[in-house]
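2 protein chains.
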Amino acid sequence: MNLILLEKKDFIDRDHVILTGRQFKHLVSVNKVEKNDELICGILNGKIGTGRITKISSECIEMKVHLDTDPPKSLPLTLVLALPRPKMLKRIIENVTSLGVKDIYLINSWRVEKSFWQTPLLSEDNLKKFMILGLEQSKDTRMPHIHQRRFFTSFVKKELPQLSKDSVCITAHPNALKRCPSGVNKKIILAIGPEGGFIDIEIETLEKNGFLSYHIGQRILKVETAVIALISRLYL
Amino acid sequence: MNLILLEKKDFIDRDHVILTGRQFKHLVSVNKVEKNDELICGILNGKIGTGRITKISSECIEMKVHLDTDPPKSLPLTLVLALPRPKMLKRIIENVTSLGVKDIYLINSWRVEKSFWQTPLLSEDNLKKFMILGLEQSKDTRMPHIHQRRFFTSFVKKELPQLSKDSVCITAHPNALKRCPSGVNKKIILAIGPEGGFIDIEIETLEKNGFLSYHIGQRILKVETAVIALISRLYL
């Protein structure tokens, strides 16, 4: 926890907060904080700054906070990701949040197992928890938006054209002929398939809607590894 | 498993192998292979090619293999990594192996908890298992070498100068003033600290031994995320 993410409900007046629950426990047992310690804080979707601990009890921590700095810049990237298997989902959401991604579309694809859509990890509450971990890690406050789309074709044909306006449109595809560009540093919409990749007809549908397919080398990476490697090379 | 990694012990003659254990179970229950299926195979530290299934019994699979192609190129990178916490270790070794890293030094550092060195995951057998998963993922056969060094100063002063000859020497450090170069594409030795980073005196010791410190942006990433992001930007 490199930043304590505060929400409106934590404030007892303009500049005093009370922390309980997970954050309280973490600060006491892992960070072993003491009275008068200064910690980095931020308010959800707002400024970051510092908080000085004014009181520690057995149940909560009180802090006086001063928030005056903008959070780090977001990446101008929209990530379109075939729904990964549940055990990868948490880490991927946490990782891409820590990298500064703010728009994530979890979509269906031929090779996404139907059961993946049943996981409780896809609940709003759970996804929020994973994103908070990513924000706390990277000292950010701006919560990403996650959208779930269970129909590939209707998403790609009806919604994607509007979303991808003014963006560089990239599909990551191990069998593509061209290597993915690097240092693009502009608005990008990046589509990444499931384990095993998008099937040919999905690649074609994406191409018909303006997406170019690129590989990132001969090695097949796990989706969770490829996502980080791709984002890292697109924004240098 | 994108490649079946064969060892000498699997061969019953020049071009026939018998698979049992983990690989057998995975091929039958996950890949649901059948007789005459052709699979991608490779021999440890050697060529890759294909294997055709000639027999499936309740305990083993027999294949006729033909191995004639070189495995993918390795990265000319030596990774010097402060020993990560055990639950991250497996994933990091698997990931960097899949990215093509062949030399990994796990070293001590001030912020590495002593208990991390006690984990059974550091046994030769376990590390080999994690590397095999990375090789199978990325269709590679060349096993990385992992070296464990429990004394930071003696490693950096006595061993590192020799290791880093003819290499670009980089320390990844969140507080560095310069942004890490990209597309270096040469021999690199990359040092990455533990959670919380190397302490100042460690950074100084590395700098005195020819290492330049670079950050990769304002965001603090988890070590397992940073490793992938760094390797991805260094080799475009």
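Residue numbers (numbering that gives the first Met the number 0), protein chains in the order written: chain A, 0 to 235; chain B, 0 to 235.
All C-beta atoms, glycine included, are put in the ideal place defined by N, C-alpha and C.
Problem set entry | Coarse secondary structure for aspartate 124 (chain B), derived from DSSP in three states | Looking up residue 124 (chain B) in the second sequence gives position 125. Note: aspartate 124 (chain B) maps to helix in three-state DSSP.
Problem set entry | Where the stretch 37–58 of chain A meets chain B: residues whose CB sits under 7 Å from a CB there | For the stretch 37–58 of chain A, which is checked against every Cβ of chain B, not one residue is closer than 7 Å.
Problem set entry | As assigned by DSSP and simplified to three states, the class of glycine 20 (chain A) | The sequence position of residue 20 (chain A) within the first sequence is 21, counting from 1. In this structure, glycine 20 (chain A) counts as helix in the three-state DSSP scheme.
Problem set entry | Under 9 Å from the C-beta of serine 97 (chain A): neighbouring residues of chain B | Counting from one through the first sequence, the residue named residue 97 (chain A) turns up at place 98. Within chain B, the residues near serine 97 (chain A) are Arg218, Ile219, Leu220, Lys221, Thr224.
For this session: Would you kindly report the start and end of the unbroken beta strand (DSSP E) that includes serine 251 (chain A)?
Result: For residue 251 (chain A) there is no data in the structure shown, the boundaries of chain A being 0 and 235.
Exercise. Isoleucine 227 (chain A) touches chain B at which residues, Cβ-Cβ below 8 Å?
Worked result: Translated into positions along the first sequence, residue 227 (chain A) becomes position 228. Here the neighbours are Thr224, Ile227, Ala228, Ser231.
Exercise. Which first and last residues belong to the beta strand (DSSP E) in which glutamate 61 (chain A) is found?
Worked result: Looking up residue 61 (chain A) in the first sequence gives position 62. Run containing glutamate 61 (chain A): 60–68, per the beta strand (DSSP E) assignment.
Exercise. So, is leucine 176 (chain B) buried or exposed, given that buried needs 16 or more other C-beta atoms within 10 angstroms?
Worked result: On the second sequence, residue 176 (chain B) is found 177 positions in, with the first residue counted as 1. Burial call: exposed.
Problem set entry | Proximity of arginine 51 (chain B) and leucine 98 (chain A) at Cβ, strictly below 8 Å | In the second sequence, residue 51 (chain B) corresponds to position 52, counting from 1. In the first sequence, residue 98 (chain A) corresponds to position 99, counting from 1. Going by beta carbons, arginine 51 (chain B) and leucine 98 (chain A) fall outside the 8 Å limit.
For this session: For leucine 235 (chain A), return the contacting residues in chain B, with the cut-off set at a CB-CB distance below 7 Å.
Result: As a working mapping, residue 235 (chain A) is identified with position 236 in the first sequence. Ordered by position in chain B, the residues that pass the 7 Å Cβ test against leucine 235 (chain A) are Ser181, Arg232.
Exercise. Can a CB atom of chain A be found closer than 8 Å to the CB of lysine 86 (chain B)?
Worked result: Sequence index remark: in the second sequence, residue 86 (chain B) carries index 87 (1-based). It does not; no Cβ of chain A falls within 8 Å.
Problem set entry | Cutoff 7 Å; reference asparagine 247 (chain B); Cβ partners in own chain excluding five residues on either side | Not covered by the structure: residue 247 (chain B). The range shown for chain B is 0 to 235.
Exercise. Which word fits glycine 182 (chain B), buried or exposed, when buried means at least 16 other C-beta atoms lie within 10 angstroms of its C-beta?
Worked result: On the second sequence, position 183 is the one that residue 182 (chain B) refers to. Exposed, by the Cβ-count rule.
Exercise. If the cut is a Cβ gap below 7 Å, which residues of chain A does serine 73 (chain B) touch?
Worked result: Translated into the one-based positions of the second sequence, residue 73 (chain B) becomes position 74. Per Cβ cutoff of 7 Å: no residues; serine 73 (chain B) is ~10 Å from chain A at best.
Exercise. In chain B, what lies closer than 7 Å to asparagine 94 (chain A) by C-beta?
Worked result: By 1-based counting over the first sequence, the position of residue 94 (chain A) is 95. Neighbours of asparagine 94 (chain A) on chain B, chain order: Thr224.
For this session: List the DSSP bridge partners of cysteine 40 (chain B).
Result: Taking the first residue of the second sequence as 1, we reach residue 40 (chain B) at position 41. DSSP lists B:Ile3, B:Gly48 as partners of cysteine 40 (chain B).
Exercise. What residues of chain B sit near glutamine 136 (chain A), judged by a beta carbon separation below 9 Å?
Worked result: Sequence index remark: in the first sequence, residue 136 (chain A) carries index 137 (1-based). Result: Arg218, Ile219, Leu220, Lys221, Thr224.
Exercise. For aspartate 12 (chain B), which residues in chain A fall below 9 Å Cβ to Cβ?
Worked result: Reading the second sequence from its first residue, position 13 is the one you call residue 12 (chain B). Residues of chain A passing the Cβ test: none, with the nearest at roughly 30 Å.
Exercise. If you draw a straight line from the C-alpha of valine 111 (chain A) to the C-alpha of leucine 82 (chain A), how long is it?
Worked result: In the first sequence, residue 111 (chain A) corresponds to position 112, counting from 1. In the first sequence, residue 82 (chain A) corresponds to position 83, counting from 1. Cα to Cα, the separation comes out at about 6 Å.
Exercise. Taking contact to mean at least 3 C-beta pairs separated by less than 8 Å, is the stretch 4–11 of chain B in contact with the stretch 27–43 of chain B?
Worked result: By the Cβ rule, the stretch 4–11 of chain B counts as touching the stretch 27–43 of chain B, because three or more pairs are nearer than 8 Å.
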